[in-house]
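To convert, count from 1 in the sequence shown and add 991; that's the numbering used here.
Quick reminder that beta carbons are idealized off the backbone N, C-alpha and C, glycines included.
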Amino acid sequence: MLWLLGMLAKVRSGALLGVDAVAVDVEVDMTMGLPFFAVVGLPEGAVKESKVRVVSALKNCDFQLPQKRITVNLAPADIRKEGAAFELPIALGVLVAAKLLEPEPLAQYLFGGELSLDGSLRPIRGVLPLALAARDGGFKGVIVPVQNAPEAALVDRIEVVPVAHLTEAVAHLKGDVVIQPFDRLKSLVTVEGLDAGLDLKDVRGQEEIKDALELAAAGGHNMMMCGPPGSGKTMIARRLPSILPPLEMEEALEVTKIYSVLGLLKDGEALIQRRPFRAPHHTISDAGLVGGGPLARPGELSMAHRGVLFLDELPEFKKHVLEVLRQPLEEGFVHIARAQQKVTYPSQVMLVAAMNPCPCGYWRSVVRACTCSPQRVRDYHARVSGPLLDRIDISLETRQVETRHFTTERREKPSSWYRERVVAARDRQLERFKAEPGMLCNAQMTPRWLLEHCKISTAAQSRLNATLHTHGMSARAHDRILKVARTRADVEGHGDITDEDVAVAIECRKLDRSEYTEAPIGDPKTREDMANKMRRVNQAGGLP
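Structure representation (structure tokens):
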């Protein structure tokens, strides 16, 4: 809404609050007095500097402004305003207050854009949330820089007017030159080659890990791999997105909003159509991982929303950094509270972690002798806390790839084979959860849904109870084993959970068992026994 009362003008724009945009009134008051330009309403540095660019752009576009006192108020004043998106609406508000532009045409749009000194418009971040705010607020559309038009056009039922220069925006609003709205179909072009790149067929052997990866992808389960260097942990993890189902439109919009807010959309990429894969370095801070900082920006966890967050060398991360993951992994949201604002970012991710079995990497290995003491190995495993390990549904041990896999001509299954089974399993879950909005996979099941859809036989329940008691597992581990068993049944295509499904799910939690961490680590005889066993296996034809 915009009106003119004396020398007062009002234009509508938007400020980012988390991954959403909040409508902001850009009020411009022009009164008699010494020439002065002030911006108020909790502006941060870039917004305060906008007055210099606005005045220079208006002068260089030959707009003759009266020598008066100009005050710009960005309301509501309790929301921090950041970025350069307010420069276009401020400039238009100044023109209206100076009676160089009629106010009525501006009332139908939300505006956003950064001005150059010559009046040309530069792209801004957060245009997709701005367009969504325009649609939800009942506006006709948005007027944004040309580079941002494809992104804004992803939102249906609004008009997106692309402008390259301040004079173009003024001419369009005056009706002198009509700019055609951006064609939404151009924003929805499917990216070619979504399946190109990394493929599971490149991974030799490791069938048990591949099957577990399939289960993780089908049910959205967290997963951890522990094994010696060179056993394929990172290689397998980076191929997980290749077997995940494609993003639905609503999911793609959620992901695109996050990257739009951060200004990370690539040139020519309006909509993110690939599931994100984020692999932060172990030196990352807690704010970098889950979000925060002075401006409460999204972190790597939210950037991996609807995709994969891969933490390589898990014990090398700072312990307090890992601990902040616990609540977001459980809830699917990151809540950040600051003195002046509280924001919530989505974090529905698949956590995939990898670690060595010990600092040197060769504990329980028959290839090289471990140089670590038993206490050092126990301390290394203790860097990953029990509560965090409890939230990982599938934890398996990888082994060195046998040399016979390098010379065999056997063809490995491609990612497309696994993806077909994963998509079919996800479709079964969507049908099951159609009465529960927002629930997309088994990993998100609540206790109520567990009772309804994860019923198992008395024998399977007894085996599960015995496993929990023997290894000191928690009630959360009990529920997560049932979820994995439900996923295994979906992948195999049968409605009821069988005893075999429960057995497989139990075997998928090897790393939080007592015998794994309390084994006779440094016993030479144990290492010799393992070497003899491996030799016998190889002589018999090797592992499958």
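Sequence-distant Cβ neighbours of residue 1200 in its own chain, meaning closer than 7 Å and more than five residues away, are 1216, 1227, 1387, 1389. Going by DSSP, residue 1064 is part of the beta strand (DSSP E) stretching over 1060-1066. Within the same chain, 1363, 1367, 1371 come within 7 Å of residue 1350 by CB-CB distance, once the 5 residues on both sides are set aside. At the C-beta level, residue 1197 and residue 1392 come within 8 Å of one another. Burial state of residue 1042 is buried, judged by a 10 Å Cβ sphere holding 16 or more other Cβ atoms. Beta-bridge annotation (DSSP): residue 1288 is paired with 1283. In the three-state reduction of the DSSP assignment, residue 1446 falls in the coil class. In the DSSP annotation of this structure, residue 1348 is not part of any beta strand (DSSP E), being labelled neither H nor E. In this structure, 1114 is the residue among 1468, 1046, 1114, 1315 with its C-alpha nearest to the C-alpha of residue 1258. According to DSSP, residue pairing for residue 1007 in a beta bridge involves 1012. Contact annotation: the stretch 1132-1143 touches the stretch 1170-1180, with at least three C-beta pairs closer than 8 Å. Spanning the alpha carbons of residue 1270 and residue 1379 requires a straight line of approximately 18 Å. The stretch 1136-1151 makes no contact with the stretch 1023-1034; the number of CB pairs closer than 8 Å stays below 3.
Here residue 1459 has 1468, 1469 as same chain residues with Cβ atoms under 7 Å from its own Cβ, once five neighbours each way along the sequence are excluded. Straight-line measurement puts the Cα of residue 1066 at about 10 Å from the Cα of residue 1001. Straight-line spacing of the CA atoms in residue 1119 and residue 1476 works out to 39 Å. Annotated three-state conformation of residue 1336 is strand, per DSSP. Two segments are said to touch when three or more pairs of C-beta atoms, one from each, lie closer than 8 Å; by this definition the stretch 1486-1494 does not touch the stretch 1421-1437. Residue burial annotation: residue 1487 is exposed, with fewer than 16 other C-beta atoms found within 10 angstroms of its C-beta. Short of 6 Å from the beta carbon of residue 1502, and not among the five residues preceding or following it, lie these beta carbons of its own chain, in chain order: 1217, 1386.
As for any alpha helix (DSSP H) of minimum length 4 sitting wholly inside the stretch 1129-1187, the runs are 1140-1143, 1157-1165, ordered along the chain.
Judged by DSSP secondary structure, residue 1387 falls within the beta strand (DSSP E) whose first and last residues are 1385-1388.
Taking a 10 Å sphere around the C-beta of residue 1478, we find 16 or more other C-beta atoms and assign the residue as buried. The three-state reading of DSSP puts residue 1111 in strand, counting E and B together.
Cβ neighbours of residue 1287 within its own chain (closer than 6 Å, five residues either side excluded): 1327, 1329, 1334. Fewer than three pairs of CB atoms, one per stretch, sit closer than 8 Å, so the stretch 1438-1457 makes no contact with the stretch 1244-1253.
In the DSSP assignment, no residue is bridged to residue 1081.
Between the alpha carbons of residue 1276 and residue 1311 lies a gap of roughly 9 Å. In the three-state DSSP reduction, residue 1072 falls in the strand class (E or B). Unbroken alpha helix (DSSP H) stretches of 4 residues or longer found wholly inside the stretch 1179-1234: 1198-1210, 1224-1228, given in chain order. DSSP, read as helix, strand or coil, puts residue 1022 in strand. The beta carbons of residue 1070 and residue 1006 sit closer together than 8 Å.
Nearest to residue 1341 by C-alpha distance, out of 1126, 1093, 1298, is 1298.
Taking 8 Å as the cut-off, the Cβ atoms of residue 1332 and residue 1008 count as close.
A straight-line Cα-Cα distance of about 40 Å links residue 1264 and residue 1455.
Between residue 1205 and residue 1125, the alpha-carbon positions lie close to 41 Å from each other.
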